[in-house]
Amino acid sequence: MNIEQIAPLIEASLAGLKLDPAKCRNEKPGQWSYRSQKADVWIDVFTFQDRPEKYYLQVMSPLCLVADLRREEFLLDILEINYKLVGCWIAKRNDWLYVLNLRETENIDQSEIDATLDRVSFYCNDYLAKLGFKYEGCWTPKPVEGGRG
Numbered sequence: 371m372n373i374e375q376i377a378p379l380i381e382a383s384l385a386g387l388k389l390d391p392a393k394c395r396n397e398k399p400g401q402w403s404y405r406s407q408k409a410d411v412w413i414d415v416f417t418f419q420d421r422p423e424k425y426y427l428q429v430m431s432p433l434c435l436v437a438d439l440r441r442e443e444f445l446l447d448i449l450e451i452n453y454k455l456v457g458c459w460i461a462k463r464n465d466w467l468y469v470l471n472l473r474e475t476e477n478i479d480q481s482e483i484d485a486t487l488d489r490v491s492f493y494c495n496d497y498l499a500k501l502g503f504k505y506e507g508c509w510t511p512k513p514v515e516g517g518r519g
């Protein structure tokens, strides 16, 4: 399923969330973004250069920076949280953690896209609050990482 085929499904999911799909579209085709409570959700449909015929859907939300203090405890908590998640996971890139789902677009349907958007935004909002409370004061200010995943 390519961008033209999956875009209507993604936009139907966005409309189901009471969002205007046109306002969620980014300049680059195959990218959408929106805010769900405190979580920014990024949607990307893309291919890899070496396999341009195979498309992927990635839904991700920046969760938080890796804690500077109590780092080992923090990262062990992230591993425990990952065990509880359904249909997505928390991944680390540089100093940031993201709630993420990545899969091929082949055989994807509307209900799976709906569930993925719900899961990523729910988990990000839920764990942003829980980790922020448990590890309050464990982060030193850093600039926001530029660009999307």
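Numbering (the working numbering), first residue to last: 371 to 519. Backbone N, C-alpha and C fix where the C-beta goes; we use that ideal spot for every residue, glycine too. The structure presented is a predicted model; accordingly, all values stated were derived computationally and were not measured.
The beta carbon of I373 sits closer than 8 Å to the beta carbons of P399, G400, V415, Y425 from its chain, once the five residues preceding and following it are set aside; these are given in chain order.
Where Q428 is concerned, the enclosing beta strand (DSSP E) starts and stops at 421-435. Annotation: the continuous beta strand (DSSP E) that includes V469 extends over 466-474.
Rounded to the nearest angstrom, the gap between the Cα atoms of L467 and S481 is 26 Å.
Of the candidates N452, D410, F444, the residue whose Cα lies closest to the Cα of G502 is F444. Cβ-Cβ separation between V456 and L433: approximately 16 Å, too far for a contact (criterion under 8 Å). Listed in chain order, the non-local C-beta contacts of T417 below 8 Å within the same chain comprise E423, K424, Y425, Y426, local neighbours out to five positions each way being set aside.
Straight-line spacing of the CA atoms in R405 and S383 works out to 14 Å. Counting along the chain, K462 sits inside no alpha helix (DSSP H); it lies in the beta strand (DSSP E) bounded by residues 459-463.
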